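In the numbering used here, the protein residues as written are 186 to 611.
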Amino acid sequence: MTNRTGLRGAHWGAISQGLNTGTSFILSFLVARSQDPAEFGQFALVLALLAIAVGLAHECGSTVLTIAHAADRRRLPAAARRSTGYTWTLGVVVGAGCLALAAVTEGPIVPVLLVVAAAMPAVLLQDGVRGYLIASARPRAAAANDGIRMGVQLGLTVVLLVSVPDPPMWTYVAAWAAGAAVASAVGLWWAGLVPVRTLPHRWIVEHRTLALPLLAMFALTSLPSQAVVVLMPLAADLEQTGALRAAYLLFGPMGTLFAAVYSLALVDAVRSGGPSEVVRIGRRVALFLGCAGIVWGAVVAFLPAVIGRQLIGPSWDLTADTRLVLGLSLVAEGVIFGATTVMGALRQPRRMVWARLLSAPVMLGVALGLSHGLGATGAAIGFLVGYTACAIFAWAQVPRAVRGPAPYSDSTVAVPARRVPEEGTP
186 MTNRTGLRGA HWGAISQGLN TGTSFILSFL VARSQDPAEF GQFALVLALL
236 AIAVGLAHEC GSTVLTIAHA ADRRRLPAAA RRSTGYTWTL GVVVGAGCLA
286 LAAVTEGPIV PVLLVVAAAM PAVLLQDGVR GYLIASARPR AAAANDGIRM
336 GVQLGLTVVL LVSVPDPPMW TYVAAWAAGA AVASAVGLWW AGLVPVRTLP
386 HRWIVEHRTL ALPLLAMFAL TSLPSQAVVV LMPLAADLEQ TGALRAAYLL
436 FGPMGTLFAA VYSLALVDAV RSGGPSEVVR IGRRVALFLG CAGIVWGAVV
486 AFLPAVIGRQ LIGPSWDLTA DTRLVLGLSL VAEGVIFGAT TVMGALRQPR
536 RMVWARLLSA PVMLGVALGL SHGLGATGAA IGFLVGYTAC AIFAWAQVPR
586 AVRGPAPYSD STVAVPARRV PEEGTP
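Structure, rendered in structure tokens:
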């Protein structure tokens, strides 16, 4: 019965994450279809900044809350008041940064930045609330909260498309922001939480032994790809930046699949008979996700143009080679998840950090270097090289992890299940 309950929780957790990530994918698809590649390139920069902000809120907020306080049901609500206070005030800080960017920027991206600035406290607060619901063993409530967020966004978007012939970019962002605002308010009501007003760094300092390593893992896992998007206009141009982001949109659903399979496999691996069984499960995860990456990559690479233009608009015509290379990089990402399963179950996540540390500069350097001459395709080659290097480094660590000291010792902590690629992430 215990296993069944755990699987049910993972099932609702995957649904919650899929709905949450889906709100940003819907927003991105709508903007990609309605804007030319250069304007979508500007929007891609905003999405990258959003992904970094949401990642900071999640890793240092919800993940820390789960690891440090989920076992103590009586003290969990008090800790959640502080963690949601952290996400709220972090949103205020990020919003102020967006206002500063809007003051020195021109064009249609300015109203987008203004809407994002107003919305960031609610967006990050909603992530904190759903993190508390999951930590308190209510993943179904978290999924329902994310369903409310998506429902509000879709409803307002439909009204917008029906009533406005050619909606400007910022209106799509406003519908997305409204969904987050409503969901955060409803989530606080369900949870009975009143966030504590505090400066963001106080929560991090209080939990620095957890927050700093998680922050390092986030930086090594997510920041390289986001840095490529943010810095790519310096090496190429906004049109190629938009083409890269548009091509990556088509691979977004695989992120949810990867994270869901990893979450379920990690439970089985932790409960398995020993290191050899853990490695066997990790290999199966790598094989399954690698094959899934091949299939999805082929579908995206050879998608009929008429469908592609309906999905990502005029950017489609710039993504032919980019889609093919990104499909290959997806296979490498799937293989990485297999090694991550092994490291997590053997409670040696630091070995995974080393693999990321070695591969991150490779990805960043190759992507930016090649994008100067090859544009979006060059950046995609950088992703392929970086993820392939990470897969090789990670699996090279597996034999050492198996021989490692006391892999099942109670003095070590299992790595938490990784989150789906942050909102707006490539």
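Built from N, CA and C at the ideal position, the CB exists for glycine as well.
Please read all numbers here as calculations on a predicted model, not as lab measurements.
- A direct Cα-Cα distance of roughly 11 Å separates E224 from P499.
- For C575, the enclosing alpha helix (DSSP H) stretches over residues 561–587.
- Looking from the CA of M548, the closest CA among R535, R536, C575 belongs to C575.
- A distance below 8 Å separates the beta carbons of M439 and A477.
- Runs of the alpha helix (DSSP H) spanning 4 or more residues and lying entirely within the segment 242–329 occur at 249–254, 261–288, 294–320, in chain order.
- Annotation for A505: the continuous alpha helix (DSSP H) segment containing it runs 505–530.
- A contact is defined here as three or more CB-CB pairs under 8 Å, and the segment 458–472 fails this definition with respect to the segment 252–261.
- Just measuring C-alpha positions, the residue of G482, L559, R532, T573 sitting nearest R588 is R532.
- For G493, the CB contacts under 7 Å within the same chain, skipping 5 residues up- and downstream, are W501 in chain order.
- A residue is called buried once 16 or more other Cβ atoms fall within 10 Å of its Cβ, and L384, having fewer, is exposed.
- It is roughly 21 Å from the alpha-carbon of G276 to the alpha-carbon of T290.
- Distance from I566 to L555 at the Cβ level is roughly 5 Å; contact confirmed, criterion being Cβ atoms closer than 8 Å.
- Runs of the alpha helix (DSSP H) lying entirely within the segment 426–504 and spanning at least 4 residues, in chain order: 437–455, 460–486, 490–497.
- Looking at the backbone, the Cα of A365 and that of S321 are separated by about 21 Å.
- In this chain, the alpha helix (DSSP H) harbouring R393 covers 393–406.
- Burial check for G270: the Cβ neighbour count within 10 Å reaches 16 or more, so the residue is buried.
- As the crow flies, the alpha-carbon of D331 is around 11 Å from that of G198.
- A direct Cα-Cα distance of roughly 49 Å separates E391 from D351.
- Note that the C-beta distance between R541 and L232 is not below 8 Å.
- Around the beta carbon of P489, fewer than 16 other beta carbons lie within 10 angstroms, which makes this residue exposed.
- If you draw a straight line from the Cα of V367 to the Cα of V337, it is about 8 Å long.
- In this structure, the CA atom of W539 is about 22 Å from the CA atom of A454.
- Closest option to G316, judged by alpha-carbon separation, among E518, G280, N205, S247: S247.
- The way I'd put it, the segment 233–245 does touch the segment 393–411; three or more beta-carbon pairs between them come closer than 8 Å.
- Taking the CA atoms as reference points, F436 sits about 13 Å from G203.
- Counting every other CB atom within 10 Å of its CB across the protein chains shown gives L472 a total below 16, marking it as exposed.
- Counted as a single uninterrupted DSSP element, the alpha helix (DSSP H) harbouring T356 occupies residues 354–376.
- Between L451 and A530 a beta carbon distance of about 6 Å is seen, short of the 8 Å cut, so the two are scored as contacting.
- C-alpha of I466 to C-alpha of G571: approximately 24 Å in a straight line.
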